[in-house]
Amino acid sequence: MQLQHGKNNTQQYIFGDFVLKNNGILLFKNKEYHIPPKELGVIILLLNADGEIVSKEEIIDKVWSASVASDESLTRCIYALRKLLHENKQCKYIETVYGRGYRFTVPIVIVTDNEPVKSTTTLAVFPFRTEGSINVLKLHYELVQGLSKYAFCGLDILPASVTNEASDFSTIHQFINKTGPEYYIMGQVVHYGKNWRLFIELIHARTHKLIDHQSIDFNPDNPLSVLLSQVINILIEKIPNINFKSINT
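My numbering puts the first residue of the sequence shown at 353, with every later residue one more than the last.
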């Protein structure tokens with residue numbers, strides 16, 4: 353049975369720093385990559401599986417259909433996909449479940465253009481405080497940019513250019529009264545042994561009550577994109593009223 357992944361070319365899959373269109377175009381940091389048909393069939397099958405394991409037999413049957421294929425063909429496809437997704441030890445998207453198959457391991461959002469989702473939640477992200485040499489401005493702008501991809505899910509993000517000057521509670525309070533977001537995010541980076549620890553707080557804007565608190569340990573030698581992907585994956589599941597289809601890790 354041939355997998356019909358081109359049935360709805362307006363459908364998009366959002367995960368990590370990526371946006372995958374159903375026509376095979378993969379967007380990553382303002383660059384476009386074209387995924388070959390077999391690799392596209394495999395990744396869409398995994399994305400649609402809701403985090404469940406997809407067996408090798410099912411993948412080969414649906415993607416290769418009557419074509420002659422083997423485990424080696426599938427292994428090459430998975431290798432090519434991991435390369436396209438810039439996988440490394442700290443950031444993985446496709447898990448090999450030995451003896452069973454493969455599964456997608458990060459939260460995703462599936463969006464169909466002909467079923468638009470109205471914006472329901474406005475979020476302000478304020479610059480994080482830090483003790484060290486981390487580029488706070490870059491972290492702030494890229495976090496805002498990463499979260500803004502979820503506008504399809506009902507999330508409005510206030511621009512970094514208007515939130516980057518708010519640093520103390522008085523300024524933040526005045527800013528919130530003027531702009532009216534429902535929630536805001538603050539954070540702090542501190543030394544933690546040989547690494548760093550990032551504390552993140554999601555706060556209700558009107559009452560200033562804490563909604564959720566998370567911490568992430570990370571190696572400052574790793575790319576900033578690894579940290580950003582972790583932060584976004586955590587936050588997007590915690591912000592209230594976001595309409596998205598998640599895959600639990």
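For every residue, glycine included, the Cβ atom is placed at its ideal position computed from N, Cα and C. Note that the structure is predicted; figures quoted are calculated from it, not measured.
Would you check if there are 3 or more beta carbon pairs closer than 8 Å linking the stretch 437-455 to the stretch 508-524?
no
Looking at C-beta atoms only, is the number of pairs between the stretch 449-459 and the stretch 379-388 that lie closer than 8 Å three or more?
no
Measure the C-alpha to C-alpha separation of LYS590 and HIS565 and round it to an integer number of angstroms.
9 Å
GLU553 (DSSP reduced to helix, strand or coil):
strand
Is it right to say VAL542 is buried, meaning 16 or more other beta carbons lie within 10 angstroms of its own, or is it exposed?
exposed
In three-state terms, what does DSSP make of GLY539?
strand
VAL458: which of ASP369, SER522, HIS492 and ASP569 sits nearest, CA to CA?
ASP369
Neighbour-count burial assignment, ALA503, 16 or more Cβ in a 10 Å radius:
exposed
Once you ignore the five residues that flank ALA476 on each side, which residues in its own chain have a CB closer than 6 Å to its CB?
LEU510, THR515, PRO533 and TYR536
With a Cβ-Cβ cutoff of 8 Å, do ILE584 and LEU499 count as a contact?
yes
Status (buried if at least 16 other CB within 10 Å, exposed otherwise) for GLU404:
exposed
Tell me the DSSP bridge mates of ALA476?
TYR536
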